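**Student:** So the protein lines, in turn, are chains A and B. In terms of numbering that gives the first Met the number 0, the first sequence opens at residue 0 and continues consecutively. In terms of numbering that gives the first Met the number 0, the second sequence opens at residue 0 and continues consecutively. Yeah, the Cβ is synthetic: ideal placement off N, Cα and C, and Gly gets one too. Predicted, not measured: the structure shown is a model, and the values here were computed from it.
There are 2 protein chains.
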Amino acid sequence: MKTSEDHIVKIAKALSDKTRVRILQDIAKRGSVTCGDAINVACLSQPTVSHHIKVLVDAGLLNADKNGRHVIITVNKEVLKEFTELVSVSTKR
Amino acid sequence: MKTSEDHIVKIAKALSDKTRVRILQDIAKRGSVTCGDAINVACLSQPTVSHHIKVLVDAGLLNADKNGRHVIITVNKEVLKEFTELVSVSTKR
DNA sequence: TCGATATATTGAAATATATCAATGTATTAT
DNA sequence: ATAATACATTGATATATTTCAATATATCGA
Numbered sequence: 000m001k002t003s004e005d006h007i008v009k010i011a012k013a014l015s016d017k018t019r020v021r022i023l024q025d026i027a028k029r030g031s032v033t034c035g036d037a038i039n040v041a042c043l044s045q046p047t048v049s050h051h052i053k054v055l056v057d058a059g060l061l062n063a064d065k066n067g068r069h070v071i072i073t074v075n076k077e078v079l080k081e082f083t084e085l086v087s088v089s090t091k092r
Numbered sequence: 000m001k002t003s004e005d006h007i008v009k010i011a012k013a014l015s016d017k018t019r020v021r022i023l024q025d026i027a028k029r030g031s032v033t034c035g036d037a038i039n040v041a042c043l044s045q046p047t048v049s050h051h052i053k054v055l056v057d058a059g060l061l062n063a064d065k066n067g068r069h070v071i072i073t074v075n076k077e078v079l080k081e082f083t084e085l086v087s088v089s090t091k092r
């Protein structure tokens with residue numbers, strides 16, 4: 000059984016790195032990007048960006064859909080909304 | 000100049016540890032606690048809990064008001080609200 | 001098929017974080 | 001004044017995270 004803390008922590012961890020937040024914001028602004036696009040935004044090596052995207056996908060914040068040799072990445076707005084609501088609710092008395 | 004990423008990252012970092020989220024939730028539930036209360040909730044050493052509270056205070060999520068030898072800790076709801084709104088808005092296109 | 005492109009994985013190094021025991025500081029009670 | 005209480009700080013260790021180079025895998029185009 001996963002507690003609400005676990006859920007909050009997992010997503011907060013994903014949001015706790017500047018590069019990842021930048022990538023997330025860029026995707027949100029542009030609707031969708033490929034990993035290559037994200038590399039340009041992050042200005043870091045390809046493996047590093049690949050790792051960051053994995054963290055965001057694992058947290059549920061991003062959707063990654065393979066399309067040929069590209070991977071199309073979009074923001075999972077549902078999960079983001081869930082997160083902000085969970086943080087709000089669980090800190091309301 | 001601090002970007003919105005910086006702000007999100009700082010607070011997300013504070014929320015990216017299970018102990019800190021647990022402490023935050025406990026304070027929210029009870030209205031206010033002392034550091035000693037937080038130690039009981041966390042079941043960790045006093046210095047460790049002191050460190051965690053410091054991280055939360057530095058992120059702006061907690062208010063700490065000295066009262067005699069106790070420190071009264073409350074949740075800074077404004078900052079929490081700011082955070083959830085900033086996350087929501089900055090990921091809306 | 002072969003080379004090029006897009007992304008993932010592995011292994012290693014550097015840095016950051018969580019944790020505790022020991023100690024310091026401030027405040028209250030006796 | 002002194003002892004006890006509440007909390008903070010320091011220094012050390014263990015673990016986690018970030019990053020890259022090297023390499024692997026999958027797909028497309030010629």
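Do we get a CB-CB distance below 8 Å when we pair arginine 57 (chain B) with the residues of chain A?
**Tutor:** A small fix is needed here, since residue 57 (chain B) is aspartate in this sequence, not arginine. Taking Cβ atoms only, chain A never reaches closer than 8 Å to aspartate 57 (chain B), which makes this a no.
**Student:** Indicate whether at least one CB of chain B lies closer than 8 Å to the CB of serine 31 (chain A).
**Tutor:** No, because no Cβ of chain B sits closer than 8 Å to the Cβ of serine 31 (chain A).
**Student:** Please name the residues in the segment 65–89 of chain B whose beta-carbon is closer than 7 Å to at least one beta-carbon of chain A, in chain order.
**Tutor:** For the segment 65–89 of chain B, which is checked against every Cβ of chain A, the residues closer than 7 Å are Val74, Leu79, Thr83, Val86, Ser87 and Ser89.
**Student:** Using the beta-carbon count (16 or more within 10 Å), is glutamine 24 (chain B) buried or exposed?
**Tutor:** Glutamine 24 (chain B) should be labelled buried.
**Student:** Buried or exposed: which applies to valine 32 (chain A), given that a residue is buried once 16 or more other Cβ atoms fall within 10 Å of its Cβ?
**Tutor:** Valine 32 (chain A) is buried by the Cβ-count criterion.
**Student:** Three Cβ pairs or more, each shorter than 8 Å: is that satisfied between the segment 72–90 of chain A and the segment 49–64 of chain A?
**Tutor:** With the cut-off at 8 Å, the segment 72–90 of chain A and the segment 49–64 of chain A touch.
**Student:** Note down the Cα distance separating valine 48 (chain A) from lysine 80 (chain B), rounded to an integer number of angstroms.
**Tutor:** Going from the Cα of valine 48 (chain A) to the Cα of lysine 80 (chain B) covers about 30 Å.
**Student:** If you measure between the beta carbons of valine 88 (chain A) and cysteine 34 (chain A), is that distance less than 8 Å?
**Tutor:** No.
**Student:** List the residues of chain B whose Cβ lies closer than 7 Å to the Cβ of leucine 61 (chain A), in chain order.
**Tutor:** Per Cβ cutoff of 7 Å: no residues; leucine 61 (chain A) is ~11 Å from chain B at best.
**Student:** Assign arginine 68 (chain B) to one of two classes, buried (16 or more other C-beta atoms within 10 Å of its C-beta) or exposed (fewer than that).
**Tutor:** Exposed, by the Cβ-count rule.
**Student:** I'd like to know if alanine 37 (chain A) contacts chain B, where contact means its C-beta is closer than 8 Å to some C-beta of that chain.
**Tutor:** Chain B, which has no Cβ nearer than 8 Å to the Cβ of alanine 37 (chain A), makes this no.
**Student:** Check the C-beta distance from alanine 58 (chain B) over to alanine 13 (chain B) and give it rounded, since I have them as a contact under 8 Å.
**Tutor:** The Cβ separation is near 4 Å, so the contact holds.
**Student:** Using DSSP bridges, identify the partner residues of asparagine 66 (chain A).
**Tutor:** Note: asparagine 66 (chain A) sits in a beta bridge opposite A:His69.
**Student:** Do we get a CB-CB distance below 8 Å when we pair aspartate 25 (chain A) with the residues of chain B?
**Tutor:** Not an interface residue.
**Student:** Could you give the DSSP three-state label for threonine 2 (chain A): helix, strand or coil?
**Tutor:** The answer is coil: DSSP assigns threonine 2 (chain A) none of H, G, I, E or B.
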